[in-house]
Amino acid sequence: MHTVLAGGVGAARYLSGALEAFDPSTVTAVVNVGDDVVLHGLHISPDLDTCTYTLAGAIDPERGWGLVDESWQAMAELGRYGGDNWFGLGDRDLGTHLFRTARLHAGASLTSITAEITATWGLACRLLPVTNQRVETRVTLADGSEIGFQEYFVRLAHSVEITGVRFAGAATAMVSREALAAIDDADALVIAPSNPIVSIAPLLAIPGVTGAVTARRDRNVAVSPIIGGAALKGPADRMLRELGEESSVVGIARRYRDLAATLVIDEVDADLAPAVEQAGMRAVVMPTIMSRPGVASALATACAEACL
Ligand code: GDP
Ligand code: CA
């Protein structure tokens with residue numbers, strides 16, 4: 006089994022490569038739910054949906070989130086009433102949130118609802134929310150106020166300085182049985198190139214997850230989400246600096262060295278390979294920008310080999 010600790014976009018791209026490289030039924034993602042938010046009474050799971058829509062070939066290629074061929078009539082009507090419409094929910098996408106919310110109200114777990122959604126989209130791999138309970142990533146701003154992750158990320162377009170991040174509910178949440186087994190039983194465990202602070206850290210904050218990951222460190226590999234000192238998209242580089250870490254593959258190695266033996270870094274960072282090793286991780290240098298064809302599947306193959 007090839008198990009991936011996953012956030013949104015970076016993880017989804019990696020997973021598409023893994024599906025090309027391996028028998029899809031052996032690929033499992035343990036997915037962050039710290040980004041989840043309830044809006045208009047609807048339970049929205051952005052990282053699960055980004056993975057699902059990407060692997061189904063249905064993600065909007067320009068926006069990079071949400072469904073292709075989307076329309077926005079419900080949002081326009083909401084705006085007409087003066088409702089809160091800063092978080093874009095397309096008409097097609099709304100169907101997913103309506104279904105998820107109704108099933109949650111009927112007592113189904115997020116794990117089984119996600120299996121229903123991914124089966125409907127024809128995915129042959131498994132997407133497992135790390136927990137069935139609510140975990141909420143909260144961000145502290147420079148003025149001392151605290152806001153929800155989506156308010157920071159979407160409403161404020163992550164344009165404000167942060168001084169801290171916490172995962173409300175994580176300490177009392179339980180890792181799902183399926184997610185823990187996927188970590189324990191994996192031949193290779195991959196920390197996807199996702200935002201380390203708000204996609205990977207909330208997974209690790211759930212009791213039992215960090216222990217399960219560190220216990221098998223030598224068969225774990227991480228792919229750096231930082232390339233040439235910067236994130237490809239999003240605030241990961243700025244967040245690292247604002248929290249006092251280095252936005253480089255060396256900073257990533259310092260963060261991940263107890264979790265994985267190997268760090269895959271991009272060719273542009275080849276000169277930093279010795280510093281990564283100095284920081285305590287074996288460095289593998291290869292192309293990691295997955296918008297280029299073939300890169301994601303080669304990356305998945307190299308990650309599996311690194312865990313042998
Ligand atoms: P989100 O939840 O949709 O914000 O996405 P993620 O949690 O997956 O994090 C975004 C991170 O993924 C950024 O730091 C990007 O640099 C990284 N990322 C996205 N695509 C790629 C890629 O093709 N290669 C690598 N190495 N990193 C990527
Ligand atoms: Ca996310």
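Counting along the sequence shown from 1, when you hit position 177 you're at 182 in this note's numbering, and nothing is skipped either side.
In this text, a Cβ means the ideal position worked out from N, Cα and C, and glycines have one as well.
Within the same chain, show all residues whose beta-carbon is closer than 6 Å to that of residue i, passing over the 5 residues directly before and after it, in chain order.
i	result
D223	A266
Q78	D96
H45	none
E247	E166, I167
R260	P201
A184	V35, L133, V135
P292	E272, V300
A258	L268, V281, A284, M286
I49	V42, H102
A61	W126
So, with DSSP's three-state summary, where would you put residue i?
i	result
V214	helix
R143	strand
I122	helix
I202	helix
A184	helix
V73	coil
A162	coil
L268	strand
V5	No answer is possible for residue 5: the residues shown for the chain start at 6 and end at 313.
I49	strand
T55	helix
A235	strand
A176	helix
T33	strand
What residues in its chain sit with their C-beta under 8 Å from that of residue i, if we drop five residues either side in the sequence?
i	result
V165	L146, A147, Y157
A278	I270, A288, V290
E250	G256, R259, R260
When we look at the beta-carbon of residue i and count the other beta-carbons within 10 Å, is it buried (16 or more) or exposed?
i	result
G239	buried
Q283	exposed
D52	buried
P298	exposed
G13	buried
P212	exposed
D263	exposed
S253	buried
H7	buried
A81	exposed
A193	buried
T219	exposed
Y86	exposed
For the beta strand (DSSP E) that contains residue i, what are its first and last residues?
i	result
F104	From DSSP, F104 is part of no beta strand (DSSP E) but of the alpha helix (DSSP H) over 96-110.
R131	131-134
R171	167-173
G127	It is not in any beta strand (DSSP E) - G127 carries neither H nor E in the DSSP assignment.
A227	225-228
A193	193-196
A113	Per DSSP, A113 belongs to no beta strand (DSSP E) and is neither H nor E.
V273	No beta strand (DSSP E) holds V273; DSSP gives it neither H nor E.
T8	7-11
Counting only the same chain and skipping the five closest in sequence on each side, list residues whose C-beta sits under 7 Å from that of residue i.
i	result
T123	T57, L132
A1	Only positions 6 to 313 of the chain appear in this structure, which leaves residue 1 out of reach.
T142	G39, D40, F154, V170, F172, V203, P207
A26	S302, A305, T306
D54	T101
W91	V159, R160
A311	V226, T267, V289
A236	P230, D242
Between which two residues does the alpha helix (DSSP H) carrying residue i extend?
i	result
A61	From DSSP, A61 is part of no alpha helix (DSSP H); its letter is neither H nor E.
V289	Not the alpha helix (DSSP H): V289 falls in the beta strand (DSSP E), residues 287-290.
G1	Residue coverage of the chain in this structure runs from 6 to 313, which leaves residue 1 outside it and unanswerable.
L83	78-85
A311	300-311
V321	Because the chain spans 6 through 313 in this model, residue 321 falls outside it and cannot be assessed.
A26	14-26
A280	278-283
A220	Neither: A220 is in no alpha helix (DSSP H) and is coded neither H nor E.
A241	241-247
Nearer than 6 Å: is that true of the beta carbon of residue i relative to any heavy atom of ligand 3?
i	result
I231	For ligand 3, the structure offers nothing, since it holds only ligand 1 and ligand 2.
Pocket of ligand 2 defined by Cβ to heavy atom distance under 6 Å: Those residues are G12, G13, D40, P51, D52, S204, given in chain order.
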